[in-house]
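Contents: one structure, followed by commentary.
Numbering (the UniProt record's numbering), first residue to last: 1 to 349.
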């Protein structure tokens, strides 16, 4: 029989743990992150460390700082205050996706068609018109434009070596989270979730996915040694530029956010998500280390749970998963509890 003193002691311990987690959350920069649990007395694990930026693990190296060049031709007062929005001039947009929806000069159009026919990489398009990644004015200022939101192109932001100055309108993700978030216990068995305390506009930046950046070999070792079958859901392979830059699998890096990370670690899966993750680079010459940033892909109401697709299928058709199937590791798929009208029912993680 559990005595009243034991119950009181357990409740006190749970309250102390929640207080410690709140203290850690309060140490993070940006608007306050709250913690709420109206379901039970549990708290997020104390062995999870909230960090402000990614931590480079053993054997992981960012590109030489000398390669972190900025835009040299842009000025804050250039072109009636347009600055880096004059994308053909901004060096930081050198490798950005070509905006082929605008009128090009005949020689530019011929060059672009030749690049496409040859399967050209990110470094072949310097001087061609590029699409500025964010709205620069109006009610959606700072939000990702549909050109990037719908096509998943990598986003390039200016850096500390640029001449454009700190008010350049490409500097969105690097300024960090600007919205109030809340980690909460879900009532339907999906563990902890994340929601925003204010309305989010389509294309609005939420926060980055942070963790330890480790080698592919270390990620494989951790995955094999995990005590649960969902380790994959915390691992992000930094492979966006692998094909274009001919980077072999064994040389890629991986972000592990299971035990060190930020509040986005608590975002749950949905087969019909309201958020999506995008690649954001501050150094166009480093194809191996960059940010993973979450943006709203539609308008989101205050206190609506934030979700993304763990399988990141981008509307692709996929085969139905049967609950009794097993993968190469002998693991069964997990039951999906997202509740979406187009729920896949079972997922491979």
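Glycine is no exception: its CB is placed at the ideal position from the N, C-alpha and C atoms.
query: Residues bridged to residue 352 (per DSSP); result: In the structure as shown, the chain begins at 1 and stops at 349. Residue 352 is therefore absent and cannot be evaluated.
query: As assigned by DSSP and simplified to three states, the class of residue 93; result: helix
query: Identified DSSP bridge partners for residue 33; result: 181
query: Spatial neighbours of residue 280 in its chain, beta-carbon cut-off 7 Å, leaving aside the 5 residues before and after; result: 155, 157, 173, 290, 291 and 293
query: Bridge partner(s) assigned by DSSP for residue 215; result: 253
query: Beta-carbon gap between residue 264 and residue 209 smaller than 7 Å; result: yes
query: CA-to-CA distance, residue 217 to residue 50, given in whole angstroms; result: 24 Å
query: Assigned secondary structure, residue 149 (DSSP; H/G/I helix, E/B strand, else coil); result: helix
query: Three-state secondary structure (DSSP) of residue 128; result: coil
query: CA nearest to the CA of residue 336, picked from 129, 269, 95 and 75; result: 269
query: The region 63-70 contacting the region 101-121, beta-carbon criterion three pairs below 8 Å; result: no
query: Any chain B beta carbon closer than 7 Å to residue 347; result: Annotation note: the requested chain B is absent from the structure, which comprises a single protein chain.
query: Residue nearest to residue 351 in terms of C-alpha spacing, selected from 94, 296, 213 and 193; result: The structure shown has nothing for residue 351, since the chain only spans 1 to 349.
query: Endpoints, alpha helix (DSSP H) assigned at residue 111; result: 106-117
query: Opposing strand residues paired with residue 206 [DSSP bridges]; result: Answer by DSSP bridge pairing: none, since residue 206 is not bridged.
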